[in-house]
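Worksheet: one structure, shown below.
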Amino acid sequence: MEQPSEAERELKSRKIMSATGDERDARKLNDLPAGYQPTQVVYCTWGRERGGPLLPLASFEWSPEGGVQFTVLDYERGRSARRFMTEGAMFERERRVAMPGEGPVFMRALLGHGNSSSYYWFLDKTPGAEADQ
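Heads up, the sequence shown is in our numbering, so the first residue is 5 and it goes up one at a time.
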């Protein structure tokens with residue numbers, strides 16, 4: 005049985021909050037401030053029961069130097085998030101698909117509600133995002 009990575013343990017130990025202070029922020033992030041550049045977005049789901057804790061499945065991180073990096077945190081369920089790296093993310097505000105090569109545009113697109121579902125969604129985990137609210 006695989007042991008969780010250090011990054012997975014760190015993400016699971018933190019309380020998952022979003023830039024808006026709502027734990028399911030993907031539906032509300034169309035109101036991001038102009039010029040806001042998310043640097044870490046986590047793909048999550050609920051535990052086995054809807055009331056269970058949030059489970060981080062995959063992480064997308066962006067930096068100007070390294071571009072968008074993708075990390076699977078839960079190998080059983082998180083691999084499906086890889087499709088966003090190959091197919092892009094729907095950027096509803098501009099009515100187009102944003103690709104990982106677009107860096108912060110792609111990261112903002114991930115947070116749009118068009119890429120989430122009732123079982124899986126994206127949370128903004130950019131350091132300092134909660135403090136800015």
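Glycine included, each C-beta is placed from N, C-alpha and C at the ideal position.
Run of the alpha helix (DSSP H) containing residue i, from where it starts to where it stops
i: P42; result: Element bounds for P42: n/a, residue is neither H nor E.
i: R87; result: R87 to E91
Inter-residue spacing [alpha-carbon to alpha-carbon] between residue i and residue j
i: K129; j: L77; result: 14 Å
i: P42; j: W66; result: 8 Å
i: L61; j: Y40; result: 24 Å
i: P68; j: E106; result: 10 Å
i: E80; j: G116; result: 24 Å
i: R99; j: G56; result: 34 Å
i: S121; j: L59; result: 15 Å
i: G70; j: W50; result: 30 Å
Cβ pair residue i, residue j closer than 8 Å
i: F95; j: P104; result: no
i: L127; j: V46; result: yes
i: R83; j: F74; result: no
The beta strand (DSSP E) enclosing residue i, as first and last residue numbers
i: T75; result: G71 to V76
i: E65; result: L59 to S67
6 Å Cβ shell around residue i - same chain, five flanking residues per side excluded
i: A102; result: G92, A93, F95, V109, F110 and A113
i: Y124; result: T49
Residues near residue i in its chain [Cβ-Cβ closer than 8 Å; skip 5 each side]
i: P131; result: T43 and Q44
Going residue by residue through the region 100-129, where are the continuous beta strand (DSSP E) segments of at least 3 residues, counting only ones entirely within it?
Inside the region 100-129, DSSP marks whole beta strand (DSSP E) runs of 3 or more residues at positions 100-102 and 124-128, from first to last along the chain.
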